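Trainee:
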Amino acid sequence: MDFGVKMQGSEPVSTMKVSESEGKLEGLATAVTPNKNSSNSSCAGGISSSSSSSSRGGSAKGWQYSDHMENVYGYLMKYTNLVTGWQYRFFVLNNEAGLLEYFVNEQSRNQKPRGTLQLAGAVISPSDEDSHTFTVNAASGEQYKLRATDAKERQHWVSRLQICTQHHTEAIGKMMSHAEGQQRDLIRRIECLPTSGLLSSLDQDLLMLKATSMATMNCLNDCFHILQLQHASHQKGSLPSGTTIEWLEPKVPLSDHYKNGSDQPFATEHSKPVAVPEEQSVAESGLLAREPEEVNADDEVEDTCDNKEDDLGAVEEQRSVILHLLSQLKLGMDLTRVVLPTFILEKRSLLEMYADFMSHPDLFITITNGATAEDRMIRFVEYYLTSFHEGRKGAIAKKPYNPIIGETFHCSWRMPKSEVTPSVASSSSTQAVTNHTSLSEDSLSQVGSDYYTVRFVAEQVSHHPPVSGFYAECAERKMCVNAHVWTKSKFLGMSIGVTMVGEGILSLLEHGEEYTFSLPCAYARSILTVPWVELGGKVSVNCAKTGYSASITFHTKPFYGGKLHRVTAEVKHNITNTVVCRVQGEWNSVLEFTYSNGETKYVDLTKLAITKKRVRPLEKQDPFESRRLWKNVTDSLRESEIDKATEHKRTLEERQRTEERHRTETGTPWKTKYFIKEGDGWVYHKPLWKVISTAQAAE
Numbered sequence: 089m090d091f092g093v094k095m096q097g098s099e100p101v102s103t104m105k106v107s108e109s110e111g112k113l114e115g116l117a118t119a120v121t122p123n124k125n126s127s128n129s130s131c132a133g134g135i136s137s138s139s140s141s142s143s144r145g146g147s148a149k150g151w152q153y154s155d156h157m158e159n160v161y162g163y164l165m166k167y168t169n170l171v172t173g174w175q176y177r178f179f180v181l182n183n184e185a186g187l188l189e190y191f192v193n194e195q196s197r198n199q200k201p202r203g204t205l206q207l208a209g210a211v212i213s214p215s216d217e218d219s220h221t222f223t224v225n226a227a228s229g230e231q232y233k234l235r236a237t238d239a240k241e242r243q244h245w246v247s248r249l250q251i252c253t254q255h256h257t258e259a260i261g262k263m264m265s266h267a268e269g270q271q272r273d274l275i276r277r278i279e280c281l282p283t284s285g286l287l288s289s290l291d292q293d294l295l296m297l298k299a300t301s302m303a304t305m306n307c308l309n310d311c312f313h314i315l316q317l318q319h320a321s322h323q324k325g326s327l328p329s330g331t332t333i334e335w336l337e338p339k340v341p342l343s344d345h346y347k348n349g350s351d352q353p354f355a356t357e358h359s360k361p362v363a364v365p366e367e368q369s370v371a372e373s374g375l376l377a378r379e380p381e382e383v384n385a386d387d388e389v390e391d392t393c394d395n396k397e398d399d400l401g402a403v404e405e406q407r408s409v410i411l412h413l414l415s416q417l418k419l420g421m422d423l424t425r426v427v428l429p430t431f432i433l434e435k436r437s438l439l440e441m442y443a444d445f446m447s448h449p450d451l452f453i454t455i456t457n458g459a460t461a462e463d464r465m466i467r468f469v470e471y472y473l474t475s476f477h478e479g480r481k482g483a484i485a486k487k488p489y490n491p492i493i494g495e496t497f498h499c500s501w502r503m504p505k506s507e508v509t510p511s512v513a514s515s516s517s518t519q520a521v522t523n524h525t526s527l528s529e530d531s532l533s534q535v536g537s538d539y540y541t542v543r544f545v546a547e548q549v550s551h552h553p554p555v556s557g558f559y560a561e562c563a564e565r566k567m568c569v570n571a572h573v574w575t576k577s578k579f580l581g582m583s584i585g586v587t588m589v590g591e592g593i594l595s596l597l598e599h600g601e602e603y604t605f606s607l608p609c610a611y612a613r614s615i616l617t618v619p620w621v622e623l624g625g626k627v628s629v630n631c632a633k634t635g636y637s638a639s640i641t642f643h644t645k646p647f648y649g650g651k652l653h654r655v656t657a658e659v660k661h662n663i664t665n666t667v668v669c670r671v672q673g674e675w676n677s678v679l680e681f682t683y684s685n686g687e688t689k690y691v692d693l694t695k696l697a698i699t700k701k702r703v704r705p706l707e708k709q710d711p712f713e714s715r716r717l718w719k720n721v722t723d724s725l726r727e728s729e730i731d732k733a734t735e736h737k738r739t740l741e742e743r744q745r746t747e748e749r750h751r752t753e754t755g756t757p758w759k760t761k762y763f764i765k766e767g768d769g770w771v772y773h774k775p776l777w778k779v780i781s782t783a784q785a786a787e
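For the sequence shown, my numbering gives the first residue as 89, with consecutive numbering after it.
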């Protein structure tokens, strides 16, 4: 097949052929020639190499791989914010100088390069977005995001860049060793001088020279250590045994070299703490009443808080800090105890994020309306698959606050009874739920209300491991869901994986049914470029009483091709081994339900109306409720005052550590407020099934 690339202005169109059977660039673009000055062997999308080893003379078909140092040149697409898009540029890998240079086109190669990156200490990272893109992250914090024609061309560039990077990083080490030898010799010569006389070892100028040379070498060694860590991160190097990471906001000020142009450096440990008016002192916070609080739904008002995360903002500005963190992480490392930087945080707690599972209370309530066990299982699967898309507050993947032990979150939803579908739609194509009208402020506690109320409470019940419990109920429909989740994060190279350990149980008391379910894993991809989230893994739903089950698979995007956010599911009657419903689509787009009778139903999640939750105003919240607890951090992030947000966050975390040490020293166990530990799980202290049983016994 043929393809052409038109250069800017009046530049000619360069065209070349790609073999469809072999997927290789053919012709001049694949020539490997010893003539380094040849300018006729590259064209758009092509790459050429000139070996610095005499053993690589001549030409060969296809890509040539070896450990020899090569000068590589050819056209790549480069992403630039100046033009807001991809532009073809002519790149040259100068192995002798350890530089990656680029020009507007091949004809301008003899002019000054448009841009140059030093490769010593750089990180070369293939993207997991697709098979063509890769990034070159220099030690200075500068980054090139590049795209090759195909996977093979990308691999060639990446391997050549990695070899060059390793060579020049090691060369710096040799230079450092030589400099250290020279410095030790200088110190020895000074110390060998007599202690008195015209030239003494105690001479003030010589003492200053001795101290200055030692300080200079220490500084250079620290810089070289940072380069080694960055390079080791790509080589999957590990940290020394016993090493822990307790920082991300640097403990020492970053030099201008590492700030990457940031105008607002982080506050350091030695800087004066920001004055933070706390709700209570450390001693007082440990004595807060842990008795359950009955939250009146009438005190809650419709949420007007909008914490959309729409731009990359500080993440772009602090890319070098992220690089520095990644250089210290080992592949597969548990990130539970790693303190992440403040600037990549969402402006809400993980406990509040769990409440997003109830953003469609109409679909939740509708489950119990199913006329048959099969119908109810299918309805549950529909609710389950539509409960994930609202959890993302923007296209950029950011991390919610790690909840403090004892932290709670309360909210509720009001759903007009007229908007809850009484039965499954029989048409082959079903429209999305219509937009909800504004809800009345009348009390829902009255019998015969026109609204259903779904109440939600979450609590952080454990710090190590970090376990959250959450519970939701609709008392009028005699249904509730109880769940506990333990999040485990792991570093996966260019991604971070979060495993959701635990389970949930939906109880339909009217039917005497329990639906046990698990949660998928979440992945933050492309953390060096524009991070995004995808779900992955297999989850199951089971109802022991009815014999119905569902198997749901969240598919991660394959390396080559494939769609993002794909999900498939099967609902099965276990006794007869009959599949009664199949689902396919994307969990954040359109889902297609195909029933055993041949009917089809489409659910467009982009058109599903979101019912806003209702929360109490801050002044009515307990000091340990999420929004009040994290208010200072959230306000600072909203104002882009990262250093203040960092100090507020650090104060909360230090208070938690101090209280934990105090409990350990005194042997005082932590007392939860709303959840009770039962076996390996956590159960709400007043679940609906207990309340109904107690009421029936009293009658």
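Ideal placement from N, C-alpha and C gives every residue a C-beta, glycine not left out.
Only a predicted model underlies this, so the values are computations on that prediction, with no experimental measurement involved.
(1) Quick one: what does DSSP say TYR772 is sitting in, helix, strand or coil?
(2) Look at TRP245 and VAL192 and say whether their C-beta atoms are less than 8 angstroms apart.
(3) Have a look at THR332 and CYS393 and give me their C-alpha separation to the nearest angstrom.
(4) By the three-class DSSP mapping on this structure, what secondary structure does ALA571 have?
(5) In angstroms, rounded to a whole number, what distance separates the CA positions of LEU597 and THR604?
(6) Could you please give the first and the last residue of the uninterrupted alpha helix (DSSP H) stretch that includes PRO449?
(7) Pairing CB atoms from the stretch 639 to 654 with CB atoms from the stretch 671 to 680, are three or more of them under 8 angstroms?
(8) What's the call for GLU766, buried or exposed, on a 16-neighbour Cβ count within 10 Å?
(9) Looking at the secondary structure, which residues open and close the alpha helix (DSSP H) in which ALA657 lies?
(10) Spell out a yes or no on whether the stretch 626 to 642 and the stretch 467 to 481 are touching, meaning 3 or more CB-CB pairs, one atom from each, closer than 8 angstroms.
(11) Which word fits GLN548, buried or exposed, when buried means at least 16 other C-beta atoms lie within 10 angstroms of its C-beta?
(12) Looking at SER228: is its Cβ nearer than 8 angstroms to the Cβ of PHE222?
(13) At the level of alpha carbons, what is the spacing between SER265 and ARG436?
(14) On a Cα-Cα basis, can you pick out the residue from ASN720, ILE730, ALA786, LYS486 that is closest to SER583?
(15) In whole angstroms, give me the CA-to-CA distance for GLY755 and CYS568.
(16) Report the CB separation of THR496 from VAL691 in whole angstroms; it is logged as a contact under 8 angstroms.
(17) Which residues in the same chain as LEU249 place their Cβ atom closer than 6 angstroms to its Cβ, once the five residues preceding and following it in sequence are excluded?
(18) Just reading off the alpha helix (DSSP H) that GLN206 is part of, what are its end residues?
(19) Our contact map puts PHE178 next to TYR167 with C-beta atoms below 8 angstroms; I'd like the distance itself, whole angstroms only.
(20) Can you give me the Cβ contacts of ILE278 inside the same chain, cut-off strictly under 7 angstroms, excluding the 5 residues immediately before and after it?
(21) Taking the straight line between their C-alpha atoms, what separation do you get for LYS708 and LYS719?
(22) Does the beta-carbon of ASN490 have 16 or more other beta-carbons within 10 angstroms, so that it is buried, or is it exposed?
(23) What are the complete alpha helix (DSSP H) segments, minimum 4 residues, inside the stretch 670 to 756?
(24) Excluding sequence positions up to five away, which residues of its chain have a Cβ less than 6 angstroms from the Cβ of PHE565?
(25) With a CB to CB cut of under 8 angstroms and the five nearest residues on each side skipped, what residues in its chain are close to LEU439?
(26) Bridge partners for MET503 per DSSP, in chain order?
(27) What residue range is occupied by the uninterrupted alpha helix (DSSP H) comprising GLY285?
(28) Using the Cβ count rule (16 or more neighbours within 10 Å means buried), how would you classify MET441?
(29) So what does DSSP say about ALA783, is it helix, strand or coil?
(30) Would you call THR644 buried or exposed, if buried means 16 or more other Cβ atoms sit within 10 Å of its Cβ?
(31) What separation, rounded to the nearest whole angstrom, lies between the Cα atoms of LYS737 and ALA563?
(32) Quick check for students: name the residue ranges of the beta strand (DSSP E) that lie wholly in the stretch 220 to 256, counting only runs of 3 or more.
(33) Using a Cβ-Cβ cutoff of less than 7 angstroms, which residues in the same chain neighbour ALA226 once the five nearest sequence positions on both sides are dropped?
(34) By the DSSP assignment, the beta strand (DSSP E) with VAL621 in it spans what residues?
(35) Ends of the alpha helix (DSSP H) at ILE493?
(36) Please classify PRO282: is it buried, with 16 or more other beta-carbons within 10 angstroms of its beta-carbon, or exposed?
Mentor: This is what the structure gives:
(1) strand
(2) no
(3) Note on THR332: pLDDT 38, under 50, position unreliable in the model; no value is reported.
(4) strand
(5) 14 angstroms
(6) 449 to 454
(7) yes
(8) exposed
(9) Per DSSP, ALA657 belongs to no alpha helix (DSSP H); it is in the beta strand (DSSP E), 654 to 661.
(10) yes
(11) buried
(12) no
(13) 49 angstroms
(14) LYS486
(15) 35 angstroms
(16) Their Cβ separation, rounded to whole angstroms, is 33 angstroms, which puts THR496 and VAL691 out of contact at 8 angstroms.
(17) ILE212
(18) Where GLN206 is concerned, there is no enclosing alpha helix (DSSP H), although the beta strand (DSSP E) it sits in stretches over 203 to 206.
(19) Contact doesn't hold; Cβ gap of about 16 angstroms is too wide.
(20) SER289, LEU294, LYS298
(21) 14 angstroms
(22) buried
(23) 714 to 717, 719 to 726, 730 to 754
(24) The residue asked about is misnamed: residue 565 is Arg in this sequence, not Phe. So the list reads ILE453, THR456, once near-sequence residues are dropped.
(25) PRO491, GLU495, THR496, PHE497, ALA546, GLU547, GLN548, SER556, PHE558, SER714
(26) TYR540
(27) First-last for GLY285: undefined, no H or E at that position.
(28) buried
(29) helix
(30) buried
(31) 37 angstroms
(32) 221 to 225, 231 to 235
(33) LEU205, GLN206, ALA210
(34) 620 to 631
(35) Taken as a continuous stretch (DSSP letters only), ILE493 belongs to no alpha helix (DSSP H), as it is neither H nor E.
(36) exposed
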